[in-house]
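Below is one structure; the comments refer to it alone.
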Amino acid sequence: MKKKQKARMVTVDMYHKYAEIDEMYSSKVKAVKLNIPSNLRMLCAILDVKVETLLNDFMWMLSYSHHHSASGKQRKAAKKFFLSCKYGQPLYTKKQIGQMFDELKAEQKIYETIEGMDQEDKKLFWKSNHMYMQHWFKRWFEKNRHQEDLSVLKEY
607 MKKKQKARMV TVDMYHKYAE IDEMYSSKVK AVKLNIPSNL RMLCAILDVK
657 VETLLNDFMW MLSYSHHHSA SGKQRKAAKK FFLSCKYGQP LYTKKQIGQM
707 FDELKAEQKI YETIEGMDQE DKKLFWKSNH MYMQHWFKRW FEKNRHQEDL
757 SVLKEY
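First residue of the sequence shown? That's 607 in this note's numbering, and the numbers climb one at a time after it.
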């Protein structure tokens with residue numbers, strides 16, 4: 607007489623690789639050597655603001671990061687400055703770059719809605735968020751830069 611085997615059910619999270627954001631797509635500390643103009647150094651000394659603080663604030667405002675509490679007005683000014691300098695053009699049109707910023711803003715707004723979520727839902731949110739940001743980068747990067755590999759991100 608054969609023994610009946612119990613069926614085992616194993617739950618597999620097919621999105622486990624998105625639990626943590628891939629290092630290539632994450633924020634990173636980067637030592638940068640800059641020639642700080644004397645006028646900026648003097649202005650910062652007079653106003654008691656470190657150049658590092660000024661540059662750091664600008665980067666976090668411009669990126670629409672949820673790690674920085676900038677006002678909408680500050681973020682808009684940073685975006686306007688960036689666009690007026692024509693960074694990224696002619697690879698992308700001003701309209702396309704504006705759309706990139708709008709999408710980052712939307713992602714930041716969604717992040718602001720997770721307050722009160724239970725742990726399981728937050729876990730799912732982060733996986734979804736990480737998947738989306740990787741997709742977002744690849745979509746825009748490949749749109750007009752087909753000759754370079756995505757790994758170029760590691761240089762920035």
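Just so it is clear, CB atoms sit at the ideal spot from N, CA and C, and this is done for glycine as well.
Counted as a single uninterrupted DSSP element, the stretch harbouring MET723 is not any alpha helix (DSSP H), since DSSP gives it neither H nor E. Excluding residues up to 5 positions away in sequence, HIS672 lie with their Cβ nearer than 8 Å to the Cβ of GLU718 in the same chain. Annotated three-state conformation of LYS728 is helix, per DSSP. Taking all protein chains shown into account, LYS685 has 16 or more neighbouring C-beta atoms within 10 Å of its C-beta and is therefore buried.
The criterion of a C-beta distance shorter than 9 Å is not satisfied by ALA651 and ASP663.
Per DSSP, MET706 is one residue of the alpha helix (DSSP H) stretching across 700–717. Rounded to whole angstroms, the Cβ separation of LEU759 and MET630 is 6 Å, and the two are in contact under 8 Å. The Cβ atoms of GLN740 and ASP654 lie no closer than 9 Å to each other.
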